[in-house]
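*Asks:* Right, I'll just put the structure down here and ask away after.
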Amino acid sequence: MPSVTRNPSKRRSARRAAVVAGLLEVVEELLDAGELYTDISVERLITAAGISRSTFYVYFEDKGALLLALAEDVVAKLVDTASGWWELPPDATRQDVEQALRQIMEVYRAHDAMWQALVDAAAYDPNVRASFHEIVGLASSQLARHIREGQKAGSVRPDLDPRRTADWLTWMTERGHHQLAAGATKAELTKLAKAQSAIVWYTLYEGAPGRS
Numbered sequence: 001m002p003s004v005t006r007n008p009s010k011r012r013s014a015r016r017a018a019v020v021a022g023l024l025e026v027v028e029e030l031l032d033a034g035e036l037y038t039d040i041s042v043e044r045l046i047t048a049a050g051i052s053r054s055t056f057y058v059y060f061e062d063k064g065a066l067l068l069a070l071a072e073d074v075v076a077k078l079v080d081t082a083s084g085w086w087e088l089p090p091d092a093t094r095q096d097v098e099q100a101l102r103q104i105m106e107v108y109r110a111h112d113a114m115w116q117a118l119v120d121a122a123a124y125d126p127n128v129r130a131s132f133h134e135i136v137g138l139a140s141s142q143l144a145r146h147i148r149e150g151q152k153a154g155s156v157r158p159d160l161d162p163r164r165t166a167d168w169l170t171w172m173t174e175r176g177h178h179q180l181a182a183g184a185t186k187a188e189l190t191k192l193a194k195a196q197s198a199i200v201w202y203t204l205y206e207g208a209p210g211r212s
């Protein structure tokens with residue numbers, strides 16, 4: 001007869017997920033109101049989320065660890081959406097590229113306060129900084145793969161260095177989102193996506209042998 005006792009590790013994971021969800025709602029509300037993550041105390045967070053201090057420290061070493069946990073969902077959404085660009089077929093058009101980049105911007109725009117907090121924390125918290133660079137590095141490696149595969153298919157210019165080109169485009173995109181897309185209106189996002197797609201198109205695709 002199977003045991004009816006729930007696995008303790010599953011219970012802990014479920015409890016942690018519930019705590020993270022509650023804190024995410026609190027943090028995003030405060031950030032959207034214009035508060036800085038660095039100025040929000042643990043006491044305010046746990047009071048608003050309705051949890052004890054001991055519960056907080058069971059799951060998070062400090063506010064930096066909490067921020068990384070809160071950012072996981074945002075990062076997952078960004079990576080999933082960005083795959084719409086990385087996985088474009090060789091016959092993708094400039095309009096396809098623009099649409100893919102616009103979708104990435106929309107996801108970023110929906111969570112720009114959280115991303116801002118992550119960027120700010122990376123300046124002083126080595127753990128957050130390492131995780132942030134790992135996130136950007138993952139995006140760059142996926143774009144480099146897209147470039148290499150496109151070069152083989154003839155849809156991407158053969159003279160490009162895949163890794164370094166991907167690094168430039170990825171960091172340019174991250175900074176552009178941070179400086180330009182944050183707080184932008186839908187109309188402005190459309191213009192930004194059009195401008196970025198021109199940069200990407202003429203950098204990667206225009207003049208590729210398979211597009212002649």
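Each residue of the sequence shown is one higher than the one before, counting from 1 in the numbering used here.
For glycine and all other residues, C-beta sits at the position ideal for the given N, C-alpha and C.
Within this structure, are the beta carbons of ALA21 and TYR108 separated by less than 9 Å?
*Replies:* Here residue 21 refers to the residue found at position 21 of the sequence shown. Here residue 108 refers to the residue found at position 108 of the sequence shown. Against a cut-off of 9 Å, the Cβ pair of TYR108 and ALA21 comes out as no contact.
*Asks:* Assuming contact is defined by CB atoms lying nearer than 9 Å, are LEU189 and MET105 in contact in what I supplied?
*Replies:* Counting from 1 along the sequence shown, the entry for residue 189 is found at position 189. Counting from 1 along the sequence shown, the entry for residue 105 is found at position 105. Their beta carbons are under 9 Å apart, which means LEU189 touches MET105 by this criterion.
*Asks:* Pair every Cβ in the region 186 to 203 with every Cβ in the region 140 to 152, then say whether three or more of these pairs are closer than 8 Å.
*Replies:* At 8 Å Cβ cutoff, the stretches do not touch.
*Asks:* Cα-Cα, which of GLN151, ALA193, THR203 is closest to PRO209?
*Replies:* Working through the sequence shown from its first residue, we reach residue 209 at position 209. If we check each option's Cα against that of PRO209, GLN151 comes out closest.
*Asks:* How far does the alpha helix (DSSP H) with VAL74 in it reach, from first residue to last?
*Replies:* Within the sequence shown, numbered from 1, the residue matching residue 74 stands at position 74. First-last of the alpha helix (DSSP H) with VAL74: 63 to 86.
*Asks:* Does the contact criterion of 3 or more C-beta pairs under 8 Å hold for the region 75 to 88 versus the region 37 to 45?
*Replies:* Touching, no, given that fewer than three Cβ pairs across the two stretches are closer than 8 Å.
*Asks:* Using C-beta distances below 6 Å, list every residue in its chain close to MET1, excluding the 5 sequence neighbours before and after it, in chain order.
*Replies:* Here residue 1 is taken as the residue at index 1 of the sequence shown, counted from 1. With a pLDDT of 48 at MET1, under the threshold of 50, the modelled position of this residue cannot be trusted, and the question is left open.
*Asks:* Just how far apart, CA to CA, sit LEU138 and VAL27?
*Replies:* As a first step, residue 138 must be located in the sequence shown, where it is residue number 138. As a first step, residue 27 must be located in the sequence shown, where it is residue number 27. Going by the C-alpha atoms only, they are around 26 Å apart.
*Asks:* Take SER13 as the anchor and find which of SER52, ILE46, TYR59 has the nearest alpha-carbon.
*Replies:* The count along the sequence shown starts at 1 and reaches residue 13 at position 13. Here the closest residue by C-alpha is TYR59.
*Asks:* Could you pull the start and end residues of the alpha helix (DSSP H) that GLU206 belongs to?
*Replies:* Counted from its first residue, the sequence shown places residue 206 at position 206. Counting along the chain, GLU206 falls outside any alpha helix (DSSP H), and DSSP gives it neither H nor E.
*Asks:* Which value, in whole angstroms, describes the spacing of the CA atoms of LEU160 and PRO90?
*Replies:* By 1-based counting over the sequence shown, the position of residue 160 is 160. By 1-based counting over the sequence shown, the position of residue 90 is 90. Approximately 16 Å, taken between the alpha carbons.
*Asks:* Starting from the N-terminal side, write out each stretch of the beta strand (DSSP E) that is 3 residues or longer and does not extend beyond the region 83 to 123.
*Replies:* Complete beta strand (DSSP E) runs here, min 3: none at all.
*Asks:* Please check the pair LEU67 and VAL128, which I expect to be a contact at CB under 8 Å, by giving their CB distance rounded to whole angstroms.
*Replies:* Along the sequence shown, one-based indexing puts residue 67 at 67. Along the sequence shown, one-based indexing puts residue 128 at 128. The pair is a contact, with the Cβ atoms about 6 Å apart (cut-off 8 Å).
*Asks:* Specify the secondary structure class of GLY183 as computed by DSSP and reduced to three states.
*Replies:* By 1-based counting over the sequence shown, the position of residue 183 is 183. It is coil, neither helix nor strand.
*Asks:* From this set, LYS186, PRO126, ILE135, ALA123, which residue's C-alpha is nearest ALA82's C-alpha?
*Replies:* For this step, residue 82 is matched to residue 82 along the sequence shown. Of LYS186, PRO126, ILE135, ALA123, the residue nearest in Cα terms is ILE135.
*Asks:* Roughly how many angstroms separate the alpha carbons of ALA65 and ALA48, rounded to a whole number?
*Replies:* To locate residue 65, count along the sequence shown from 1; it is residue 65. To locate residue 48, count along the sequence shown from 1; it is residue 48. C-alpha separation (whole angstroms): 18 Å.
*Asks:* Note down the Cα distance separating VAL79 from SER212, rounded to an integer number of angstroms.
*Replies:* Looking up residue 79 in the sequence shown gives position 79. Looking up residue 212 in the sequence shown gives position 212. Rounded to whole angstroms, VAL79 to SER212 spans 31 Å at the Cα level.
*Asks:* What residue ranges within the region 13 to 55 form continuous alpha helix (DSSP H) runs of no fewer than 4 residues, ordered along the chain?
*Replies:* For the region 13 to 55, whole alpha helix (DSSP H) runs of length 4 or above, ordered along the chain, are 42 to 49.
*Asks:* Secondary structure at SER212, three-state DSSP: helix, strand or coil?
*Replies:* Position 212 of the sequence shown, counted from the start, is the residue given in the question as residue 212. Three-state result, SER212: coil.
*Asks:* For GLN99, tell me which candidate among TRP201, PRO8, GLU206 has the shortest Cα-Cα distance.
*Replies:* Position 99 of the sequence shown, counting from 1, holds the residue named residue 99. When each option's Cα is compared against that of GLN99, the closest is TRP201.
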